[in-house]
Amino acid sequence: MTETEAIALIERYLTGEMPAREAADFEARLRLDPVLARQAREFEELTSALQQYGQRREVKKKLNAIHAEMEKAAMTTEPAFSFEAPEAELETIKPVQPKWRIFWNAHSTTIAVAASVAILTVFSTLLSIQLWNSMGKQTMRYTELRREVENIKKNQRAINRAFNRKVAPKAEVNPGSFSGTGFALTENGYFVTSYHVINDADSVYIENKNGSRYKVTEVYKDLEHDLAILKVSDPNFTSFGTLPYTVSGNAADLGEKVYTLGFPREDMVFGEGSLSSQSGFEGDTAAYQISIPLNPGNSGGPLFDDKGNLIGVISGKQLDLQGAAFATKSTYLMTLADQLKSDSATRVSLSRQNNLSGRPRKQQLKKLKDFIFMVKVYN
Amino acid sequence: MQRAVEYTEEALISGLRNDDDKALAYLYKLHYPMVSHFILSNSGTSDEAKDIFQEGVLIFYEKVKDGTLELTCQIKTYLYSVCRRLWLKKLAEKNRFSGTLDSEDFISLEDEVVTPEETEHKFSVMERAMNMLGEPCRTLLEDFYIKDNSMQDISEKFGYTNADNAKNQKYKCLMRLKKLFFAAYKTAAPAEF
Numbered sequence: 025m026t027e028t029e030a031i032a033l034i035e036r037y038l039t040g041e042m043p044a045r046e047a048a049d050f051e052a053r054l055r056l057d058p059v060l061a062r063q064a065r066e067f068e069e070l071t072s073a074l075q076q077y078g079q080r081r082e083v084k085k086k087l088n089a090i091h092a093e094m095e096k097a098a099m100t101t102e103p104a105f106s107f108e109a110p111e112a113e114l115e116t117i118k119p120v121q122p123k124w125r126i127f128w129n130a131h132s133t134t135i136a137v138a139a140s141v142a143i144l145t146v147f148s149t150l151l152s153i154q155l156w157n158s159m160g161k162q163t164m165r166y167t168e169l170r171r172e173v174e175n176i177k178k179n180q181r182a183i184n185r186a187f188n189r190k191v192a193p194k195a196e197v198n199p200g201s202f203s204g205t206g207f208a209l210t211e212n213g214y215f216v217t218s219y220h221v222i223n224d225a226d227s228v229y230i231e232n233k234n235g236s237r238y239k240v241t242e243v244y245k246d247l248e249h250d251l252a253i254l255k256v257s258d259p260n261f262t263s264f265g266t267l268p269y270t271v272s273g274n275a276a277d278l279g280e281k282v283y284t285l286g287f288p289r290e291d292m293v294f295g296e297g298s299l300s301s302q303s304g305f306e307g308d309t310a311a312y313q314i315s316i317p318l319n320p321g322n323s324g325g326p327l328f329d330d331k332g333n334l335i336g337v338i339s340g341k342q343l344d345l346q347g348a349a350f351a352t353k354s355t356y357l358m359t360l361a362d363q364l365k366s367d368s369a370t371r372v373s374l375s376r377q378n379n380l381s382g383r384p385r386k387q388q389l390k391k392l393k394d395f396i397f398m399v400k401v402y403n
Numbered sequence: 239m240q241r242a243v244e245y246t247e248e249a250l251i252s253g254l255r256n257d258d259d260k261a262l263a264y265l266y267k268l269h270y271p272m273v274s275h276f277i278l279s280n281s282g283t284s285d286e287a288k289d290i291f292q293e294g295v296l297i298f299y300e301k302v303k304d305g306t307l308e309l310t311c312q313i314k315t316y317l318y319s320v321c322r323r324l325w326l327k328k329l330a331e332k333n334r335f336s337g338t339l340d341s342e343d344f345i346s347l348e349d350e351v352v353t354p355e356e357t358e359h360k361f362s363v364m365e366r367a368m369n370m371l372g373e374p375c376r377t378l379l380e381d382f383y384i385k386d387n388s389m390q391d392i393s394e395k396f397g398y399t400n401a402d403n404a405k406n407q408k409y410k411c412l413m414r415l416k417k418l419f420f421a422a423y424k425t426a427a428p429a430e431f
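Chains H and F, in that order, give the protein sequences.
Start counting the first sequence at 25; every next residue gets the next number (the working numbering).
Start counting the second sequence at 239; every next residue gets the next number (the working numbering).
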């Protein structure tokens with residue numbers, strides 16, 4: 025049997041063209057003849073491979089047709105591009121061809137990331153700029169606030185300057201009111217205050233708790249030590265009365281209990297403290313440092329020690345230090361009084377008797393209060 | 239739009255099984271963009287995308303046809319996995335991909351991967367063999383085994399006097415093809431033919 029004949033047989037058998045009896049014969053031969061069996065196997069394999077190959081070629085042709093049609097459709101209907109929505113893709117399927125599309129396909133992810141980053145950057149930059157600006161505004165507010173404070177200070181200084189220069193000045197260091205404080209030096213009308221209180225004044229009046237009000241004129245001044253001696257020029261004036269205190273000619277001791285009376289407001293105010301240093305502002309040896317809370321208006325007030333000796337004249341305080349006020353030492357007042365004595369035609373007799381010594385503070389104050397005056401300055 | 243009906247997955251599969259070209263077209267157009275995107279964004283060209291996708295569809299199609307498909311996921315996922323495999327393999331062949339294929343845990347496709355390789359090989363061998371066969375054998379075999387034409391038609395087309403002559407000619411052709419095919423397909427092919 026030639027191979028061709030064998031193949032014909034096999035084919036007939038496999039396609040079922042063989043009559044049943046012959047087929048049974050053939051099957052028996054297959055079992056007995058290994059060569060024939062192998063030929064049959066190979067025939068089957070070959071034809072099925074051939075058929076599958078043919079089928080696959082067919083399908084591939086179809087697929088190519090579909091692909092071509094798809095691209096054609098995509099060319100004509102320019103589709104929205106979305107990989108996320110496969111349902112929409114049928115119509116949106118695009119040609120793979122155009123260069124820009126290939127580029128887009130290959131780099132869309134990168135581009136999307138880059139765009140996101142760019143957008144993110146833009147917005148975060150905007151945000152941070154805004155933040156920065158608002159922070160700037162805050163600091164500006166702060167500076168404004170500070171400026172306001174500075175303005176207040178400036179105003180105070182301006183007011184001080186105004187007071188000092190024109191109206192009713194008082195403390196140089198103490199900003200403040202239109203007035204200062206002063207006290208009687210002699211029975212017959214000599215009167216002491218700080219020079220800066222009456223500086224540039226047109227007219228000066230003094231007024232005490234009793235309502236006595238006198239016009240005074242400047243007779244002597246000591247710019248260096250910020251002292252001024254005035255004299256009551258009021259015709260109605262007779263006498264202050266006997267002074268209960270004496271002016272001390274000696275330096276007071278450190279730690280001495282001291283007090284003052286003054287007019288930081290319309291009423292008389294008592295202030296108490298200690299003598300905390302024997303030198304004054306920036307080491308000024310002409311003054312004491314005292315720990316009495318002082319306010320504008322206290323300037324020119326008397327500083328008494330515990331026994332009621334006048335040991336100084338209040339001059340001012342240091343603004344940037346807590347509880348540091350200064351008083352001109354009374355020795356300079358004594359010097360001034362001595363000069364006044366020698367210069368003046370009228371009698372200048374300082375009190376020599378201290379009526380306060382040994383009395384309780386309240387008693388002292390009662391006696392003192394008639395001799396302490398508010399100095400009102402006009403110009 | 240020439241967008242046809244929407245197919246459900248089941249309808250799609252049964253459509254493929256029944257040679258519904260519309261179903262095939264639908265499947266193709268539906269999933270092509272996904273695969274093409276994958277390949278284009280993994281250093282492939284659109285031609286390569288087309289090849290890979292068609293191969294993937296063929297595998298799917300053939301499995302549907304001979305009923306060996308065991309679909310445990312969406313068609314989309316299946317196609318994507320297959321095409322991804324194919325593409326990674328191709329990349330590896332091109333030495334442009336150095337990663338390990340076996341570390342894939344995307345979806346287990348062990349069988350699917352083996353089969354296409356083998357059939358692919360078989361088909362390429364078959365194609366070569368058919369081309370080497372020359373005319374008229376090639377057309378004759380194609381007409382009979384692939385196009386299922388009757389021997390009668392074939393003998394008329396090729397001018398044989400009767401069907402038997404044509405049949406003899408066909409067997410000769412088949413034997414030549416067998417030689418060519420098995421020589422390339424299996425080195426262990428029997429020598430005595």
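For every residue, glycine included, the Cβ atom is placed at its ideal position computed from N, Cα and C.
Within 10 angstroms of the Cβ of residue i, are there 16 or more other Cβ atoms? Answer buried if so, exposed if not.
| i | result |
| --- | --- |
| G213(H) | buried |
| Y402(H) | exposed |
| T246(F) | exposed |
| M413(F) | buried |
| N184(H) | buried |
| A195(H) | Note that A195(H) scores 43 on pLDDT, short of 50, meaning its location in the model is unreliable; the coordinates nonetheless yield the value given after this. Result: buried. |
| E66(H) | buried |
| R45(H) | exposed |
| A367(F) | buried |
| L38(H) | exposed |
| P320(H) | buried |
| W156(H) | exposed |
| F382(F) | buried |
| V273(F) | buried |
| V141(H) | exposed |
| D250(H) | buried |
Could you tell me which chain H residues have their CB closer than 7 Å to the CB of residue i, listed as they occur along the chain?
| i | result |
| --- | --- |
| D259(F) | K86 |
| A330(F) | What A330(F) touches in chain H: nothing, since even the nearest Cβ is about 20 Å away. |
| Y316(F) | By Cβ distance, chain H contributes nothing, its closest Cβ being about 14 Å from Y316(F), past 7 Å. |
Which of helix, strand or coil does DSSP assign to residue i?
| i | result |
| --- | --- |
| G253(F) | helix |
| E308(F) | coil |
| V363(F) | helix |
| E211(H) | coil |
| V141(H) | helix |
| A310(H) | coil |
| S375(H) | coil |
| F294(H) | strand |
| T133(H) | helix |
| A252(H) | strand |
| D289(F) | helix |
| R55(H) | helix |
| N400(F) | coil |
| T217(H) | strand |
| Y283(H) | strand |
| T270(H) | strand |
| G294(F) | helix |
| L392(H) | helix |
Under 8 Å Cβ-Cβ, which residues of chain H neighbour residue i?
| i | result |
| --- | --- |
| N406(F) | T28 |
| Q292(F) | K84, L87, N88, H91 |
Going by DSSP, what residues sit across from residue i in a beta bridge?
| i | result |
| --- | --- |
| M398(H) | T205(H), E231(H) |
| V337(H) | P326(H), T352(H) |
| V302(F) | The partner list for V302(F) (beta bridge, DSSP) is empty, contrary to what the question assumes. |
| R237(H) | E231(H) |
| D15(H) | Shown here, chain H extends from 25 to 403; a query on residue 15(H) therefore has no answer. |
| L299(H) | I314(H) |
Could you work out which residues of chain F lie near residue i, taking near to mean beta carbons separated by less than 8 Å?
| i | result |
| --- | --- |
| T100(H) | Simply none; closest approach about 11 Å. |
If residue i sits next to residue j, beta carbons under 8 Å apart, how far is it from one beta carbon to the other, in whole angstroms?
| i | j | result |
| --- | --- | --- |
| F261(H) | E211(H) | Wrong, their Cβ atoms sit about 11 Å apart, outside the cutoff. |
| K408(F) | L379(F) | 7 Å |
| A276(H) | D329(H) | 6 Å |
| S218(H) | T241(H) | 16 Å between Cβ atoms; not a contact. |
| D259(F) | K86(H) | 6 Å |
| I251(F) | V302(F) | 6 Å |
| V399(H) | I230(H) | 5 Å |
| F305(H) | T205(H) | Between T205(H) and F305(H) the Cβ distance is about 19 Å, and since that is not below 8 Å, they are no contact. |
Kindly list, in the order they appear in chain H, the residues whose Cβ is closer than 9 Å to that of residue i.
| i | result |
| --- | --- |
| Y409(F) | E27, T28, E29, I31, A32, E35 |
| I384(F) | L74, Q75, Y77, G78, Q79, R81, E82 |
Residue i touches chain F at which residues, Cβ-Cβ below 7 Å?
| i | result |
| --- | --- |
| R42(H) | Note on residue identity: the sequence assigns Met, not Arg, to residue 42(H). Within 7 Å Cβ-Cβ: nothing; M42(H) doesn't reach chain F, min ~15 Å. |
Is the beta carbon of residue i within less than 6 Å of some heavy atom of the ligand HEM?
| i | result |
| --- | --- |
| Y299(F) | What this structure holds is no ligand at all, so the ligand HEM is not there to describe. |
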